[in-house]
């Protein structure tokens, strides 16, 4: 049987009783401030030290010294407090910060470590406070002149566990009191929230609508078919720069040449009949009476030949101005019959462009002349092009893509470099000022009216 000296046994019993009393004091602390006071001051009863400090890191990750031993209220801007905050912030991030460890000035670098002897005794003990499965709640620092023994560390570990759970209870209690206060005031909060939402519904906002848009030429020259015929070939390529008088396309000559051949033969017959009648008119009164009719028929045949020859001169279509030749793939035109006046292509100035917008009927809003328009190109949606409304149709028509909507034209803002003709994107049109309530519920209200019928 192990015999223990009475003095040693009494010391152990005293230490155990002191540990139990400190844990009881920690559990019965009425506030977190009282618990912090117990940790940095009354721990001295169990393990003597000269100075102690409690440090913790808040939810934002900012650390601060909560309290120090020997004072009721710590002065935040005191030189010792400023140095201690920087030192503990560094020590708390060292390896092994989750276990109790001895520290001294050698664990700090530069001027921070040199100042240790000025503010604290030589031997320090870092005691982390944490509970099972939780992140660190804080750290206790104890400093004294004598080194810390292994037995001191074991006692401090037991004491730190009790302090940690007591402090964690205060943290949970603060959160519970906060949510309880919210529940008690939930009625007022709901009423205030409802009033705020109701007030926001009457804020004035600008009504807007989105619609597909395309960059189109401004006042282009339309090249139309001068006669009925078949497209033989194009002399230019799509989007090619052309000059005035340059040949654009040629129509098939064969049909006109056949007509010219028939008209020439008819003219020859009419001339022969007229000459014969003129010879017989000298002796025959009947032939003399037909002479005027045959002469008129001959002149008519001459006019047919002249007209057909003029058609041959028009099968070669030229540009009436300089610019870009805008049309589809020429292969789709080759061999295609065209009527008189049918649009073949456009000639436009690339430096003069505007926006063509098709506003869907379901998104139609009231637009004033010169209404603001922002155009977001598909190729660069992050750089809007500013424009203003120039023209709006009064009736909804079907767009080339099959969309039923209103056709709008918008001119680009002064000084804006026109995008390439043919680029597409989305236009945002700005209308009149309305309330936020109407802005949010405009479509639901319109759908409800269509459903209910009033």
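In the numbering used here, the protein residues as written are 63 to 516. Ideal Cβ placement from N, Cα and C applies to all residues, glycine included.
Cβ shell of residue i (< 7 Å), same chain only, five flanking positions each side left out
| i | result |
| --- | --- |
| residue 549 | Lying before the first or after the last residue shown, residue 549 is absent from the chain, which here runs from 63 to 516. |
| residue 376 | 288 and 289 |
| residue 145 | 177 and 181 |
| residue 552 | This structure leaves residue 552 out entirely; the chain is present only between 63 and 516. |
| residue 458 | 423, 466, 467 and 468 |
| residue 91 | 97, 100 and 228 |
| residue 308 | 380 and 381 |
| residue 478 | 447 and 448 |
Residues near residue i in its chain [Cβ-Cβ closer than 8 Å; skip 5 each side]
| i | result |
| --- | --- |
| residue 28 | Within the shown structure, residues of the chain are numbered from 63 to 516, placing residue 28 beyond reach of any answer. |
| residue 235 | Only weak support is given to the placement of residue 235: the predicted model assigns it a pLDDT of 49, under 50, and the value that follows is read from those uncertain coordinates. Hits under 8 Å: none found. |
| residue 193 | 199, 226, 227 and 230 |
| residue 110 | 206 |
| residue 114 | 101, 102, 103, 105, 106, 130, 131, 202, 203, 204 and 205 |
| residue 395 | 293, 296, 311, 389 and 406 |
C-alpha gap between residue i and residue j, whole angstroms
| i | j | result |
| --- | --- | --- |
| residue 310 | residue 297 | 5 Å |
| residue 439 | residue 277 | 9 Å |
| residue 212 | residue 189 | 13 Å |
| residue 220 | residue 79 | 13 Å |
| residue 237 | residue 506 | Residue confidence for residue 237 is low, a pLDDT of 49 falling below 50, so the modelled location carries little weight and cannot support an answer. |
| residue 242 | residue 99 | The pLDDT assigned to residue 242 is 49, lower than 50, so where the model puts this residue is not dependable, and the model offers no usable value. |
| residue 435 | residue 470 | 11 Å |
| residue 341 | residue 361 | 18 Å |
| residue 254 | residue 502 | 21 Å |
| residue 210 | residue 185 | 7 Å |
| residue 126 | residue 251 | 33 Å |
| residue 514 | residue 508 | 10 Å |
| residue 498 | residue 257 | 15 Å |
| residue 208 | residue 153 | 20 Å |
| residue 374 | residue 481 | 40 Å |
| residue 353 | residue 403 | 40 Å |
| residue 86 | residue 169 | 34 Å |
| residue 295 | residue 312 | 6 Å |
| residue 351 | residue 317 | 38 Å |
| residue 165 | residue 156 | 11 Å |
| residue 143 | residue 128 | 10 Å |
| residue 504 | residue 147 | 58 Å |
| residue 273 | residue 372 | 48 Å |
| residue 511 | residue 500 | 14 Å |
| residue 283 | residue 337 | 50 Å |
| residue 393 | residue 411 | 24 Å |
Spatially closest choice to residue i from the options, by CA coordinates
| i | options | result |
| --- | --- | --- |
| residue 200 | 206, 228, 431 and 364 | 228 |
| residue 218 | 82, 479 and 307 | 82 |
| residue 281 | 503, 413 and 511 | 413 |
| residue 379 | 285, 452, 432 and 338 | 285 |
| residue 314 | 382, 429 and 291 | 291 |
| residue 466 | 472, 474, 250 and 456 | 456 |
| residue 462 | 472, 444, 482 and 420 | 420 |
| residue 161 | 116, 187, 172 and 173 | 187 |
| residue 484 | 415, 271 and 360 | 415 |
| residue 136 | 152, 153 and 117 | 117 |
| residue 491 | 317, 451 and 443 | 451 |
| residue 453 | 443, 474, 444 and 460 | 474 |
| residue 359 | 191, 374 and 339 | 339 |
| residue 108 | 96, 76, 128 and 133 | 76 |
| residue 271 | 429, 472 and 304 | 429 |
| residue 304 | 389, 191 and 460 | 389 |
| residue 84 | 222, 172, 478 and 215 | 222 |
| residue 216 | 512, 163 and 476 | 163 |
| residue 431 | 399, 345 and 472 | 472 |
Distance CB(residue i)-CB(residue j) smaller than 8 Å
| i | j | result |
| --- | --- | --- |
| residue 369 | residue 426 | no |
| residue 88 | residue 224 | yes |
| residue 335 | residue 322 | no |
| residue 387 | residue 302 | yes |
| residue 279 | residue 391 | no |
| residue 267 | residue 441 | no |
| residue 464 | residue 293 | no |
| residue 112 | residue 183 | yes |
| residue 401 | residue 493 | no |
| residue 134 | residue 232 | no |
Sequence-distant residues of its chain with Cβ nearer than 6 Å to residue i (five each side left out)
| i | result |
| --- | --- |
| residue 331 | none |
| residue 175 | 167 |
| residue 363 | 328, 329 and 332 |
| residue 240 | The predicted position of residue 240 is uncertain, since its pLDDT is 49 and thus under 50; a value taken from the coordinates is nonetheless stated next. Result list for residue 240: empty, nothing under 6 Å. |
| residue 150 | 117 |
| residue 265 | 498 |
Three or more C-beta pairs below 8 Å linking the region 401-419 and the region 252-268: no
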